[in-house]
Amino acid sequence: MHVLLTGAAGFIGRHVLAQLLERGHEIRALDSLRPDVHRSGAAWAAPRDVEARVGDVRDAAFVAEAVNGVDAVIHLAAKVGLGVDIDDMPDYASSNDVGTAELLAAMARAGVSRLTLASSMVVYGEGFGRCPEHGAVRPGPRLESALVAGDFEPPCPICARPLAVGLVDEETSFDPRNAYATSKAAQELYAANWARATGGSAAMMRYHNVYGPGMPRDTPYAGVASIFTSALRRGEAPRVFEDGRQRRDFVHVRDVAAATVRACERHTEGVRAYNVGSGTPRTVGDMAQALAQALDGPPPVVTGQYRLGDVRHITADSSRLRRELGWTPTVDFADGMAELAALSQELPARPRVAAG
Ligand code: UD1
């Protein structure tokens, strides 16, 4: 197939690009090389045999030209991260939603009917909790007063009892809690509108916490695994927020890329969402511990700090992806963390960056 891949120079994009090539696809790769992600002046060494174009999907003329003649689009280009305050909103809306809308409009004009979209588990917000009395409930946003007091678990919205963690499936409704999550939910809604209006197909890949080789380091978009390895490389303890018992599903980037390529190849009708997780949730504290051991560094420090807008637990049921697309994750947690630790030892230690 002739595939257009946006965000091809990014962390996940580079792995998707490599796997598309391995599977014999012809690729047109786009990236804007935005300076807050890619160090300024950094060249993009796209593999040979890939038609690489530098530009922004918000540029209507650029994107119209880019979709010409392709069979399918994998849309990864986005501003990631958390979105810490309201000032972030315009850039999330513009980068993620205006960009997607321009791309979809160009696809419709060019008759390109297959889309695979990078979405996120954060569209579900707090997901589900199980109350001993009220069963499955959707917890509300955590109050800052509760976080200050060290009450990190969101309570039952009816009786305020503690909740057991439940797994969200793809039918769970959206409840985005920050600018990034909102922009991802909106991307999905635009894509679904486009698919209905044009008869196109859209696979929404709701990624869990992706880690692995090539993770962004020392940028605002670094995930927690990368932040912890960087700290350990400086000889410092990983600083674990809240009480360290918040749960995430850390899924390896090669597995995420494989799921994405599979969806691009196999999903050809209608709109379908897929949770993309390893299926084995871990706590952030456990992950810090695993990396500290692998790098022979100081043990993690649990700080009690919090980020407003952070979801407490993000754990999903990813069985639909296994069932319908025949995907299985191949990298287990211990091996993946050991690989991350080994790779970080090959990098030069970065000078300590003063906290801003
Ligand atoms: C991550 C992704 C997001 C994706 C989502 C899907 C990043 C930067 N964000 O969000 O794009 O949509 O997964 O599930 O990859 N923490 C610490 N210490 C730190 C930094 C963070 O303890 O120094 C904690 C946070 O409070 C949070 C957890 O680690 O509880 C994960 O944080 P982070 O890696 O930023 O990812 P998410 O917010 O889960």
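All residue numbers for the sequence shown refer to UniProt numbering, where the first residue is 1 and numbers rise by one.
All C-beta atoms, glycine included, are put in the ideal place defined by N, C-alpha and C.
Bridge partner(s) assigned by DSSP for residue i
| i | result |
| --- | --- |
| residue 203 | 116, 272 |
| residue 31 | 54 |
| residue 314 | 248 |
| residue 160 | In DSSP, residue 160 forms no bridge with anything. |
| residue 10 | Answer is none; residue 10 lacks a bridge partner. |
| residue 135 | 131 |
Spatially closest choice to residue i from the options, by CA coordinates
| i | options | result |
| --- | --- | --- |
| residue 132 | 32, 156, 55 | 156 |
| residue 174 | 122, 204, 217, 196 | 122 |
| residue 35 | 288, 225, 221 | 221 |
| residue 287 | 250, 161, 91 | 250 |
| residue 260 | 206, 303, 309 | 206 |
| residue 106 | 136, 130, 62 | 62 |
| residue 289 | 304, 143, 318, 337 | 337 |
| residue 269 | 64, 192, 164, 134 | 192 |
| residue 318 | 292, 280, 307, 306 | 280 |
| residue 323 | 180, 69, 266 | 266 |
| residue 66 | 177, 126, 2, 9 | 2 |
| residue 232 | 177, 172, 297, 203 | 297 |
Proximal residues to residue i (C-beta, below 7 Å), its chain only, five neighbours per side dropped
| i | result |
| --- | --- |
| residue 108 | 194, 198 |
| residue 302 | 240, 243, 244, 285 |
| residue 22 | none |
| residue 356 | Note that residue 356 has pLDDT 32, beneath the 50 cutoff, so the model's placement of it is unreliable and no number is given. |
Enclosing alpha helix (DSSP H) for residue i [first to last residue]
| i | result |
| --- | --- |
| residue 60 | 60 to 67 |
| residue 193 | 179 to 198 |
| residue 261 | 253 to 266 |
| residue 168 | Looking at the DSSP string, residue 168 is not in any alpha helix (DSSP H), and its letter there is neither H nor E. |
| residue 284 | 284 to 294 |
| residue 92 | 89 to 92 |
| residue 224 | 224 to 233 |
Cβ-heavy atom distance, residue i to the ligand UD1, below 8 Å
| i | result |
| --- | --- |
| residue 244 | yes |
| residue 87 | no |
| residue 238 | yes |
| residue 208 | yes |
| residue 310 | yes |
| residue 128 | no |
| residue 27 | no |
| residue 241 | yes |
| residue 221 | yes |
| residue 158 | no |
| residue 92 | no |
| residue 204 | no |
| residue 74 | no |
Opening and closing residue of the beta strand (DSSP E) in which residue i lies
| i | result |
| --- | --- |
| residue 46 | Residue 46 -> no beta strand (DSSP E), and no H or E assigned at all. |
| residue 73 | 72 to 75 |
| residue 148 | Segment 144 to 148 is the alpha helix (DSSP H) holding residue 148; no beta strand (DSSP E) there. |
Neighbourhood of residue i by C-beta distance below 6 Å, restricted to the same chain and skipping five residues each side
| i | result |
| --- | --- |
| residue 262 | 325, 327 |
| residue 248 | 209, 314 |
Same chain only: Cβ atoms within 8 Å of residue i, ignoring 5 sequence neighbours per side
| i | result |
| --- | --- |
| residue 101 | 190 |
| residue 253 | 11, 12, 15, 210, 211, 212, 213, 214, 215 |
| residue 32 | 54, 55, 56, 57, 77 |
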